[in-house]
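One gets the working numbering by counting positions in the sequence shown from 1 and adding 409 to each.
All C-beta atoms, glycine included, are put in the ideal place defined by N, C-alpha and C.
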Amino acid sequence: MTYQVARHGSVSAAMAWMIGLSAALFWLPFLGGLVAGFVGGRKAGTVGNAVAAVVLPGILLWLFTFFFGGVLGWIPVLGQLATAIAGLGAFALSFMNLIPLLIGAVIGAATR
Numbered sequence: 410m411t412y413q414v415a416r417h418g419s420v421s422a423a424m425a426w427m428i429g430l431s432a433a434l435f436w437l438p439f440l441g442g443l444v445a446g447f448v449g450g451r452k453a454g455t456v457g458n459a460v461a462a463v464v465l466p467g468i469l470l471w472l473f474t475f476f477f478g479g480v481l482g483w484i485p486v487l488g489q490l491a492t493a494i495a496g497l498g499a500f501a502l503s504f505m506n507l508i509p510l511l512i513g514a515v516i517g518a519a520t521r
């Protein structure tokens with residue numbers, strides 16, 4: 410007789426762990442994201458949930474920056490410059506952290 414263990418995981422819990430550990434381990438450029446992704450992947454339960462937990466914060470950060478930029482965009486030169494810098498910075502931070510988070514999350518979810 411075999412028993413099958415159900416994999417219960419939560420995308421929101423995985424996102425919270427990834428964001429928290431990424432913020433705490435920011436001083437370890439690649440390894441911090443890898444550790445955060447691994448722990449988040451374990452919390453997510455499945456590889457699909459882990460990938461969603463990696464991609465969703467980047468999309469949310471981009472949306473926040475996009476809509477926040479609209480608040481400052483009405484100022485003729487400074488508002489548009491601040492919006493462009495904020496948008497590019499959010500994109501760069503999301504992209505730089507995406508690769509190690511994704512690798513760690515897939516490994517973490519696969520080893521659960």
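Just to confirm, does residue i get its C-beta within under 8 angstroms of one of the non-hydrogen atoms of the ligand SAH?
i: Ile484; result: Because no ligand of any kind appears in the structure shown, any question about the ligand SAH cannot be addressed here.
Could you check what DSSP says for residue i in three-state terms: helix, strand or coil?
i: Val420; result: helix
i: Val480; result: helix
i: Leu434; result: coil
i: Pro485; result: coil
Between residue i and residue j, which are expected to be in contact by the criterion C-beta below 8 angstroms, what is the C-beta distance as a whole number of angstroms?
i: Val420; j: Leu430; result: 16 angstroms between Cβ atoms; not a contact.
i: Ala514; j: Val460; result: 7 angstroms
Quick one, which of the options has its alpha-carbon nearest residue i's?
i: Ala425; options: Ala499, Pro466 and Val480; result: Pro466
Taking buried to mean at least 16 other C-beta atoms within 10 Å of its own C-beta, is residue i buried or exposed?
i: Pro509; result: buried
i: Met505; result: exposed
i: Thr492; result: buried
i: Gly442; result: buried
i: Thr520; result: exposed
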